[in-house]
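Student:
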Amino acid sequence: MSTLKPLKIDIVSDVVCPWCYIGKRRIEEALALVPDVPVEVHYRPYFLNPWVPREGISREEYLTTKFGSVEAYKGIAGRVVAAAKEEGLTYRPDLVQRQPNTTDCHRLIHWAQAIGAAAEMKQRLMELYFRDGGDLTDTEVLVQAAADCGLDAEDVRRRLATDEDLALVSGQAQEAADKGVSGVPTYVFAQKYAVSGAQAADLLARAIRQVSAEVNAQAAE
Numbered sequence: 080m081s082t083l084k085p086l087k088i089d090i091v092s093d094v095v096c097p098w099c100y101i102g103k104r105r106i107e108e109a110l111a112l113v114p115d116v117p118v119e120v121h122y123r124p125y126f127l128n129p130w131v132p133r134e135g136i137s138r139e140e141y142l143t144t145k146f147g148s149v150e151a152y153k154g155i156a157g158r159v160v161a162a163a164k165e166e167g168l169t170y171r172p173d174l175v176q177r178q179p180n181t182t183d184c185h186r187l188i189h190w191a192q193a194i195g196a197a198a199e200m201k202q203r204l205m206e207l208y209f210r211d212g213g214d215l216t217d218t219e220v221l222v223q224a225a226a227d228c229g230l231d232a233e234d235v236r237r238r239l240a241t242d243e244d245l246a247l248v249s250g251q252a253q254e255a256a257d258k259g260v261s262g263v264p265t266y267v268f269a270q271k272y273a274v275s276g277a278q279a280a281d282l283l284a285r286a287i288r289q290v291s292a293e294v295n296a297q298a299a300e
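Next comes the structure, spelled out in structure tokens:
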């Protein structure tokens with residue numbers, strides 16, 4: 080019996096992007112629909128707001144800069160809150176006090192990948208931000224999140240204080256932008272086909288099955 084070649088799926092997204100939060104749940108639902116297709120999932124960094132300084136800014140300043148006013152965002156937020164709820168997720172925009180720069184979050188996800196916990200780390204950071212209004216600019220919040228996902232707290236605290244993997248994370252985000260990724264989440268299948276936006280699980284499942292079949296047909300030639 081021939082074994083199928085795993086389909087490589089790169090998920091380009093940011094932890095403070097609500098549609099990425101929703102999109103992560105949908106791709107997981109899609110994978111559950113195609114249990115017979117072997118996949119290899121990699122989370123790739125993207126900076127939704129590269130202009131936000133490393134120390135972050137107040138949520139009010141952020142919403143005013145990006146949407147014109149705090150009020151202007153309320154209408155947009157309602158739609159996203161409802162979409163998140165449909166996926167069994169909680170988004171509480173009223174709890175978010177601080178808008179982070181997500182460089183350190185992406186470093187944590189990269190480090191968690193070494194122990195096979197990248198998806199868990201990403202989920203933890205997103206829940207902290209969207210559900211709990213956690214301050215992702217606070218080192219202690221990040222260290223605790225890493226510890227929750229099986230990383231060594233002291234090790235993470237030490238590494239966050241250095242420039243370790245800063246260039247790598249920035250380079251990967253830049254690479255995605257250079258390849259034309261301008262909206263996230265973007266799912267890249269077999270480094271060849273890209274699907275942009277938090278698409279429905281059945282549509283993603285169809286794409287996974289189709290590209291996997293194509294990749295394996297080419298491998299068999």
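Reading the sequence shown from the start, the letters are residues 80 to 300 in our numbering. A virtual CB, placed ideally from N, CA and C, is assigned to each residue, including glycine.
Using only alpha-carbon positions, find the residue among L283, W190, G259 and K145 that is nearest to K103.
Tutor: The count along the sequence shown starts at 1 and reaches residue 103 at position 24. The shortest C-alpha separation from K103 is found at L283.
Student: Closer than 6 Å by C-beta to V120: which residues in its own chain qualify, once you throw out the five before and the five after it? Chain order, please.
Tutor: Counting from 1 along the sequence shown, the entry for residue 120 is found at position 41. Here the set comprises I88.
Student: Skipping 5 residues on each side, what residues in its chain have a beta carbon closer than 8 Å to that of Y272?
Tutor: The residue given as residue 272 occupies position 193 in the sequence shown. Within the same chain, Y272 has close Cβ partners A286 and V290.
Student: Which whole runs of the alpha helix (DSSP H) in the segment 115-150 are 4 residues long or more, in chain order?
Tutor: Correct list: 138-146.
Student: So, at 8 Å on beta carbons, what are the nonlocal neighbours of D196 in its own chain, with the 5 sequence-adjacent residues on each side left out?
Tutor: Sequence index remark: in the sequence shown, residue 196 carries index 117 (1-based). The residue you asked about is not Asp; residue 196 is Ala in the sequence shown. Excluding sequence neighbours, A196 sits near C228, G229 and L230.
Student: If we count the other Cβ atoms within 10 Å of its Cβ and call it buried at 16 or more, is P179 buried or exposed?
Tutor: By one-based count along the sequence shown, residue 179 stands at place 100. Buried is the call here.
Student: Please state whether DSSP places S249 in a helix, a strand or coil.
Tutor: For this step, residue 249 is matched to residue 170 along the sequence shown. Helix at S249.
Student: Which residues in the same chain have their Cβ closer than 7 Å to the Cβ of T216, if we skip the five residues on either side of it in sequence?
Tutor: By 1-based counting over the sequence shown, the position of residue 216 is 137. For T216, where only same-chain residues beyond five positions count, the Cβ hits under 7 Å are E134, G135, R177 and P179.
Student: Just the Cα atoms here: how many angstroms apart are E206 and L83?
Tutor: As a working mapping, residue 206 is identified with position 127 in the sequence shown. As a working mapping, residue 83 is identified with position 4 in the sequence shown. Spanning the two alpha carbons is a distance of roughly 34 Å.
Student: Under the three-state reduction of DSSP, which class applies to I287: helix, strand or coil?
Tutor: Position 208 of the sequence shown, counting from 1, holds the residue named residue 287. Residue state, collapsed to three classes: helix.
Student: With V274 as the anchor, note down where its alpha helix (DSSP H) starts and where it stops.
Tutor: As a first step, residue 274 must be located in the sequence shown, where it is residue number 195. Taken as a continuous stretch (DSSP letters only), V274 belongs to no alpha helix (DSSP H), being part of the beta strand (DSSP E) at Y272 to S275.
Student: Helix, strand or coil, according to DSSP, for D173 in the structure here?
Tutor: The residue labelled residue 173 in the question sits at position 94 within the sequence shown. Reduced to three states, the DSSP call for D173 is helix.
Student: Quick check: the Cα distance between P124 and D183, rounded to an integer number of angstroms?
Tutor: The sequence position of residue 124 within the sequence shown is 45, counting from 1. The sequence position of residue 183 within the sequence shown is 104, counting from 1. Approximately 11 Å, taken between the alpha carbons.
Student: Please name the residue, chosen from F268, V175, F146 and A280, that lies closest to V91 on a Cα-to-Cα basis.
Tutor: For the purposes of this step, residue 91 is identified with residue 12 of the sequence shown, where counting begins at 1. When only C-alpha atoms are compared, the closest one is F268.
Student: Taking only three categories from DSSP, how would you classify D183?
Tutor: If you number the sequence shown from 1, residue 183 lands on position 104. The answer is helix: DSSP assigns D183 an H, G or I state.
Student: Cβ atoms of K164 and V94: under 8 Å apart, would you say?
Tutor: For the purposes of this step, residue 94 is taken as residue 15 along the sequence shown, with counting starting at 1. For the purposes of this step, residue 164 is taken as residue 85 along the sequence shown, with counting starting at 1. Cβ distance not < 8 Å, so V94 and K164 don't count as in contact.
Student: Which stretch, first to last residue, makes up the alpha helix (DSSP H) that contains Y100?
Tutor: Counted from its first residue, the sequence shown places residue 100 at position 21. Here the alpha helix (DSSP H) through Y100 covers P97 to L112.
Student: Just to confirm, are L168 and Y100 a CB contact at a threshold of 8 Å?
Tutor: The residue given as residue 168 occupies position 89 in the sequence shown. The residue given as residue 100 occupies position 21 in the sequence shown. Yes, Cβ-Cβ distance for L168 and Y100 is below 8 Å.
Student: Considering only C-alpha positions, which residue in the set W190, A296 and E107 is nearest to V248?
Tutor: One-based indexing of the sequence shown puts residue 248 at position 169. The shortest Cα separation from V248 among W190, A296 and E107 belongs to W190.
Student: Thinking C-beta only, is V116 closer than 8 Å to R288?
Tutor: Against the sequence shown, residue 288 aligns to sequence position 209. Against the sequence shown, residue 116 aligns to sequence position 37. A contact, by the Cβ cut-off of 8 Å.
Student: For my contact list, R158 and A279 are in at a C-beta cut-off of 8 Å; report their separation, rounded to the angstrom.
Tutor: Here residue 158 refers to the residue found at position 79 of the sequence shown. Here residue 279 refers to the residue found at position 200 of the sequence shown. That pair is no contact at about 16 Å.
Student: Is there a Cβ of chain D sitting closer than 8 Å to that of E206, yes or no?
Tutor: In the structure shown, chain D does not exist; there is a single protein chain.
Student: Using three-state DSSP, classify Q297 as helix, strand or coil.
Tutor: Against the sequence shown, residue 297 aligns to sequence position 218. Helix, per DSSP.
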